[in-house]
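Heads up: the structure comes next, in structure tokens.
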Amino acid sequence: MKIVLLESLAVSQEVLDKFAARLREKGHEFCTYERDEDEDVLIGRAKDADVIMIANMPLSGRVIHSCPKLKFINVAFTGVDHVDLEAARACGVAVSNASGYSDESVAELVICMMLSLLRNVSQVEGRCRNGGTKEGLVGRQLEGKTVGIIGLGAIGKRVARLCGAFGCKVLAFDNVPREENRALAEYVGMEELLERSDLITLHCPLLLETTHLINEERIARMKDGVILINCARGPVVDYNALAKALESGKVGGAGIDVFETEPPLAAGHIMLHTPNTLVTPHIAFASRESMVLRAEIVFDSLEKWMQGNQVHVIL
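Using the working numbering, read the sequence shown as starting at 1454 and increasing by one per residue.
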């Protein structure tokens, strides 16, 4: 088989060579390329591939339809909204993701953002560098706060455990409440979660029904001064509504790792100019440890698919 990796997996060449050698020992062709989102370039690289491997690079229907031998799309990412799944389905192409590789990394960044916003770390660091003091910027503890988690999947559960360790009351909203998770969080309705939570963190997938899930109406139901964290998908939040709420003080702080488009962001992006806002360029999933785990998962997934035992099934 010909396996084409169309973008970097962000691991060392030594790690990648180890996995590539195993494939080549079994007679497979393995080709790697630097990321290029030009569809004509992608078609030229993948037109005779049996397997395409990508991370979060868009893979359009045009590219998929232009690869007649394609049988498997191996996505080194949790979300797959950047892949044209309808085209894959129409072409009979299997799709798997790499769920689980970044649970710890995302959860830790969520906690980092919560603590940084509660303790005004960005502001007091600036004060300290400029000869100032903490005056007017004394922060708050995470202990004793009520944290609302929207989406109690693998990452949401890890966040719940960490918040529990800090002494928080944890609420959760999920479309499919699971009995085994009740030790981690109290399941409540969406409106109750919005009204009771001191901090809200989003861990739901991007679907039609979750687009702008956090909008002006839902923000209005939140506590005054609430802190909102989005390390899920950018379009889950209406950022115009959030910016307005940050400017008014209705929302006391926000930690944003994901946007409507992948960074780099335009200099005028609204979230770059709002008060009490931490912004990071989609890094929650990315740590040295998680990147190695991701590579292990996707190459194991590829091997299992070749054996007729597809795992992490999307299609």
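Every residue gets a Cβ at the ideal spot worked out from N, C-alpha and C, and that includes glycine.
Indicate whether V1766 and S1555 have their beta-carbon atoms separated by less than 9 Å. no
What do you reckon, are the CB atoms on I1783 and L1562 nearer than 9 Å? With the chain represented from 1454 up to 1768, any question about residue 1783 goes unanswered, as that position is not in the structure.
For a minimum of 4 consecutive residues, which ranges assigned as the alpha helix (DSSP H) are wholly contained in the segment 1496–1571? Whole alpha helix (DSSP H) segments, 4+ residues: 1514–1518, 1538–1543 and 1556–1571.
Mapping the DSSP letters down to three states, classify N1683 as helix, strand or coil. strand
Does the beta-carbon distance from I1682 to T1663 come in below 9 Å? no
Which of the three DSSP states is assigned to Y1486 in this structure? coil
Would you mind listing the beta strand (DSSP E) stretches within the segment 1615–1667 that are 3+ residues and don't spill past its ends, in chain order? Segments of the beta strand (DSSP E) lying fully in the segment 1615–1667: 1622–1626 and 1652–1655.
Does the distance from the CB of S1465 to the CB of S1740 come in under 9 Å? no
Which of helix, strand or coil does DSSP assign to V1690? V1690 sits in a strand when the DSSP states are folded into three classes.
Sequence-distant residues of its chain with Cβ nearer than 6 Å to Y1640 (five each side left out): A1625 and P1630
Quick one: residues in its chain with C-beta nearer than 6 Å to the C-beta of R1747, no 5 flanking neighbours on either side, listed in chain order? A1529, A1551 and Y1554
Whole-angstrom distance between F1483 and I1723, CA atom to CA atom: Each residue's alpha carbon lies about 42 Å from the other.
Could you check if A1618 is buried or exposed, using at least 16 other CB atoms within 10 Å of its CB as the buried criterion? exposed
When DSSP labels each residue in this structure, what does A1707 get in the three-state scheme? strand
Could you tell me whether the segment 1498–1508 touches the segment 1516–1528, where touching means 3 or more Cβ pairs closer than 8 Å? yes
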